[in-house]
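First residue of the sequence shown: 8, per my numbering; consecutive thereafter.
See below for the structure under consideration.
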Amino acid sequence: MVPSYSSEDYTDATGRRTVSVFTSTIFGLAEPEAGAAEQALVTAAVWTMLHQPVPTSAMPTASG
8 MVPSYSSEDY TDATGRRTVS VFTSTIFGLA EPEAGAAEQA LVTAAVWTML HQPVPTSAMP
68 TASG
């Protein structure tokens, strides 16, 4: 696997607050354990910054 990262951005309903989560993909996010850990990280970041659950229409982007 080539080292890279995943970037996911979530904005609140007012459009005034955004949280961005950057995750290294070197661990293989397709693996069940890594995918679950990454989702837990996203959920915690969104809840902490926006005080709301993770939207179901996430727009993840990847770059390398």
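For every residue, glycine included, the Cβ atom is placed at its ideal position computed from N, Cα and C.
Take the alpha-carbon of Tyr12 and the one of Ala51: they are about 19 Å apart.
Nearest to Ser31 by alpha-carbon distance, out of Ala20, Arg24 and Ala41, is Ala41.
Annotation: the continuous alpha helix (DSSP H) that includes Thr55 extends over Pro39 to Leu57. The beta carbon of Met56 sits closer than 6 Å to the beta carbons of Val26 from its chain, once the five residues preceding and following it are set aside; these are given in chain order.
Inter-residue distance for Ile33 and Tyr17 is about 23 Å (C-alpha atoms, whole angstroms).
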